[in-house]
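Here this note's numbering is used: the first residue of the sequence shown is 9, the next is one more, and so on. All C-beta atoms, glycine included, are put in the ideal place defined by N, C-alpha and C. Step one of this worksheet: look at the structure below.
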Amino acid sequence: MEKQTIFSENELVYPGLASCPACTSALSLRTALKALGNKVIIIMPASCSVPMTSLYPKTAVKVPMMFVAFTATASTAAGIAAALKIKGDKETNVLCWAGDGGTFDIGLQTLSGAAERKDPMIYVCYNNQAYMNTGTQRSGATPFGAYTTTTQTGKIVAEKDMQAIVAAHKIPYLATGSPSYPHDLFKKFTKSKDKEGFRYIEIFAPCPPGWGFPTNETIKIGRLAVETGVHILYEIEDGVYKLSTPSKKVLDKGRRPVNEFIKEQRRFAKMTEEQMGEYQRLIDERWDDIMAHVEWTSAKNTS
Numbered sequence: 009m010e011k012q013t014i015f016s017e018n019e020l021v022y023p024g025l026a027s028c029p030a031c032t033s034a035l036s037l038r039t040a041l042k043a044l045g046n047k048v049i050i051i052m053p054a055s056c057s058v059p060m061t062s063l064y065p066k067t068a069v070k071v072p073m074m075f076v077a078f079t080a081t082a083s084t085a086a087g088i089a090a091a092l093k094i095k096g097d098k099e100t101n102v103l104c105w106a107g108d109g110g111t112f113d114i115g116l117q118t119l120s121g122a123a124e125r126k127d128p129m130i131y132v133c134y135n136n137q138a139y140m141n142t143g144t145q146r147s148g149a150t151p152f153g154a155y156t157t158t159t160q161t162g163k164i165v166a167e168k169d170m171q172a173i174v175a176a177h178k179i180p181y182l183a184t185g186s187p188s189y190p191h192d193l194f195k196k197f198t199k200s201k202d203k204e205g206f207r208y209i210e211i212f213a214p215c216p217p218g219w220g221f222p223t224n225e226t227i228k229i230g231r232l233a234v235e236t237g238v239h240i241l242y243e244i245e246d247g248v249y250k251l252s253t254p255s256k257k258v259l260d261k262g263r264r265p266v267n268e269f270i271k272e273q274r275r276f277a278k279m280t281e282e283q284m285g286e287y288q289r290l291i292d293e294r295w296d297d298i299m300a301h302v303e304w305t306s307a308k309n310t311s
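Take a look at the structure:
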C-alpha cells in the first residue's frame, strides 16, 4: 500500500473565502500553500481567484499577493524573481496562479517567454475550461462539444494541448494535478518547490456553476475525469514522462467510457451520439499520445 502524504498543519488560507461553493481553485490553492509554505509571493491575473481571495480591503491569503493584467502574469513574476535574486533570496518561490483564459489564451505570450528563458517560477493554471469569472465564455481550454455562452450549440473544435506547448519549451518540471487527488497534488507542489527554473502545474478544476453539476459532486467529477482519461495525471521531470499513481491504476484497470463523464454535466446536454463518439476519439488519441511518451522516455531513461 502506498504511503499516505502527511499534510502540513500550517494554514495559509483563511476560512470563509468569497468563492462559489465547492470551488476547486480554492481547494487547490489551500493544498498548494500547505506544500510551499510561507516563503511565497503570489502573482494573480484577472480570474475567479481575484474576487475569491481579495475583496477590498481584506485578503484571505497569508502571503504577499500581486494582482496584474491578464497578459502580465509571467512577465511580472520574472521581474520579481530577478529582484529576489539580486537580494540574494534563494528561499522565496514566485507562484503564478492563473485560470485557463490567462494561460491558454491571453497570457500565453509572456508565459512562453518566461518558459523559454527558464525564469524561476511555479506557474499554475487551474483549468476550469472557460472564462468563468465573466459568465462562462469559451476559452482555448473549452473541450469539444461543450456549451458556453459563446458556443451555444457546443464548441466545434477540441481544446488546445497546453501541456504539450509548455513541454516543448524543455522546462525542468511539468505536472498535472487534481483536487480530487489531494495527496498526489500535494506531492507535486512539494517537488516543484525544490526545482529550479520554470515549473508548470496544470490543475483540472471542475466548476459546478459553469459545468452544470451539483456542488456535492465536485470530487466525483474530478475522479471521473481521471478514470475516463479526460484528464491524465503525470509528470515530466527533466524530460522523462512519469505516470502518476491514480492514472497508473486506470491504465491497469482500463478506462471508463467518456460518456460517464459527459452525462453528469449540463454543458454537454446538447451533444449528439456522433459528437460523443468524436469526443471519445479525441480522448483516446490524447491517452495514446501520453502513454507513448511515458513508454518511450522511461525506456530511454533505463537503457
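query                                                                                                               : result
Alpha-carbon spacing of Gly45 relative to Lys199, whole angstroms                                                   : 13 Å
Cα-Cα separation, Ile244 to Ala172                                                                                  : 11 Å
Nearest neighbour of Asn141, chosen from Thr157, Glu286, Lys256, Asp127 [CA to CA]                                  : Thr157
Beta-carbon proximity list for Leu232, same chain, < 8 Å, skipping 5 on both sides                                  : Val238, Arg264, Glu268, Phe269, Glu272
Thr226: first and last residue of the uninterrupted alpha helix (DSSP H) it sits in                                 : 226-235
Reduced DSSP secondary structure (H/G/I, E/B, other) of Gly185                                                      : strand
Collapsed DSSP secondary structure at Gly320 in the structure displayed                                             : Because residue 320 is not part of the residues shown, which for the chain are 9 to 311, the question remains open.
Residue range of the unbroken alpha helix (DSSP H) whose run includes Leu259                                        : 253-261
With 16 other Cβ atoms within 10 Å as the buried cut-off, status of Thr184                                          : buried
Nearest neighbour of Pro180, chosen from Glu286, Gly24, Pro29, Asp246 [CA to CA]                                    : Asp246
Start-to-end residues for the beta strand (DSSP E) that takes in Gly107                                             : 101-107
Where Arg207 falls, given that 16 or more other Cβ within 10 Å makes a residue buried                               : buried
Exposure of Val275, with buried meaning 16 or more beta-carbon neighbours within 10 Å                               : At residue 275 the sequence reads Arg, which differs from the Val that was named. Per the 10 Å Cβ criterion, buried.
Under 8 Å between C-beta atoms of Val132 and Leu103                                                                 : yes
Delimiting residues of the alpha helix (DSSP H) encompassing Asn135                                                 : Looking at the DSSP string, Asn135 is not in any alpha helix (DSSP H); the run it does join, the beta strand (DSSP E), is 129-135.
Simplified DSSP state of Arg361, which is helix, strand or coil                                                     : Not covered by the structure: residue 361. The range shown for the chain is 9 to 311.
Under 8 Å between C-beta atoms of Lys47 and Glu99                                                                   : yes
Glu19 to Thr236 span [Cα, whole Å]                                                                                  : 33 Å
Rounded straight-line distance, which links the Cα of Lys66 to that of Pro128                                       : 29 Å
CB contact check: Gln145 to chain D, cutoff 8 Å                                                                     : No chain D is present in this structure, which holds just one protein chain.
Pair within 8 Å by beta-carbon distance, Ala26 and Pro216                                                           : no
Buried versus exposed, by CB contacts within 10 Å (16 or more), Ala213                                              : buried
Same chain, Cβ closer than 8 Å to Lys168, five either side skipped, listed in chain order                           : Phe112, Gly148, Ala149
DSSP state of Met9 mapped onto helix, strand, coil                                                                  : For Met9, the predicted structure reports a pLDDT of 44, less than 50, and the residue's modelled location is therefore unreliable. A value from the coordinates is still provided. In this structure, Met9 counts as coil in the three-state DSSP scheme.
Nonlocal neighbours in the same chain, by C-beta distance under 8 Å from Pro222, ignoring five residues either side : Pro216
Pro187 versus Asn136 - alpha carbon distance                                                                        : 12 Å
Whole-number beta carbon distance between Ala122 and Ala85, since they are thought to touch under 8 Å               : 7 Å
Beta-carbon proximity list for Met60, same chain, < 8 Å, skipping 5 on both sides                                   : Leu25, Ala26, Ser27, Cys31, Ser33, Ala34, Ala68
Nearest-angstrom beta carbon gap, Phe15 and Ala54 [assumed within contact, 8 Å]                                     : Going by Cβ atoms, the distance from Ala54 to Phe15 rounds to 30 Å, so no, they are not a contact pair.
Three-state secondary structure (DSSP) of Arg146                                                                    : coil
Continuous beta strand (DSSP E) stretch holding Arg274: start and end                                               : Looking at the DSSP string, Arg274 is not in any beta strand (DSSP E), and its letter there is neither H nor E.
Where Asn224 falls, given that 16 or more other Cβ within 10 Å makes a residue buried                               : exposed
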